[in-house]
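Colleague: Residue numbers for the sequence shown follow my numbering, beginning at 9 and rising by one.
C-beta atoms are modelled at their ideal positions from N, C-alpha and C, and glycine is treated no differently.
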Amino acid sequence: MEKPTYDSPTRLGYEILRDHVLPTILGKHEDDILYWSGKEVARKFPIFEADELPSFFAEAGWGQLVLEKEDKDELHFVLGPMERLVIENRSYQLEAGFIAEQLQKLNGFLTECYGQKDIPHDRVRFIAKWDVKTVIDN
9 MEKPTYDSPT
19 RLGYEILRDH
29 VLPTILGKHE
39 DDILYWSGKE
49 VARKFPIFEA
59 DELPSFFAEA
69 GWGQLVLEKE
79 DKDELHFVLG
89 PMERLVIENR
99 SYQLEAGFIA
109 EQLQKLNGFL
119 TECYGQKDIP
129 HDRVRFIAKW
139 DVKTVIDN
C-alpha cells in the first residue's frame, strides 16, 4: 500500500480530519453532508467570477483545479494530479457542492455538480450542469 506524504504538519492535520475523522462521524451520509457543506462554504466564501475557482481551490489546499471544457449549460473541471491513495479513499462531494453553489450564484440557474474519480490519471473530474429553465433568486 502506498503511503501518502505530507508537506507540512498543518496538511497532515487536514488529511487526518478529512480522510479519517469525517468519514467516521458522517458514516453512510458522508457524501450528502459534504455536498451540502460545500454549498455552505461557498456561501461563506463567495467568488465573483468563475475563473476565480482555481485560485480558491489552491488557497484552500484542495488542489489544482483546471477548467477543461465549457458548454452552453455545463462546465468540466479537472482536479489534480494528486496521490492515488488520497483519490481512492476520499469523497470529493465537498468540492462538488462548492462548485455547484458558486456557479449557481453566478449564473442564476439551478446548478448541480458531481465528481468522478479518474484513478488511472490521478485526477478527479467535475461536471457542473445547470438548468436554464430553473431560475434561482440570488
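Would you say tryptophan 44 and aspartate 81 are within 7 Å of each other, going by their C-beta atoms?
Modeller: no
Colleague: Histidine 129 to proline 89, Cα distance in whole Å?
Modeller: Taking the straight line joining both Cα atoms gives about 7 Å.
Colleague: Would lysine 47 pass as a contact of glutamate 103 if the rule is Cβ separation under 7 Å?
Modeller: Glutamate 103 sits away from lysine 47, with the two beta carbons spaced by 7 Å or more.
Colleague: Do leucine 75 and phenylalanine 85 have their CB atoms nearer than 7 Å?
Modeller: Taking 7 Å as the Cβ cut-off, leucine 75 and phenylalanine 85 qualify as a contacting pair.
Colleague: Within a Cβ cutoff of 7 Å, which residues of the same chain sit near isoleucine 127, ignoring the five residues on either side of it in sequence?
Modeller: Apart from the 5 residues on each side of it in sequence, isoleucine 127 sits with its Cβ closer than 7 Å to the Cβ of Arg92, Ile95, Glu96 in its chain, given in chain order.
Colleague: Among Ile144, Arg19, Ser99, Leu118, whose alpha-carbon lies nearest the alpha-carbon of glutamate 67?
Modeller: Arg19
Colleague: Between the C-alpha atoms of leucine 42 and alanine 50, what's the straight-line distance to the nearest angstrom?
Modeller: 12 Å
Colleague: In whole angstroms, what is the alpha-carbon distance linking lysine 113 and aspartate 79?
Modeller: 18 Å
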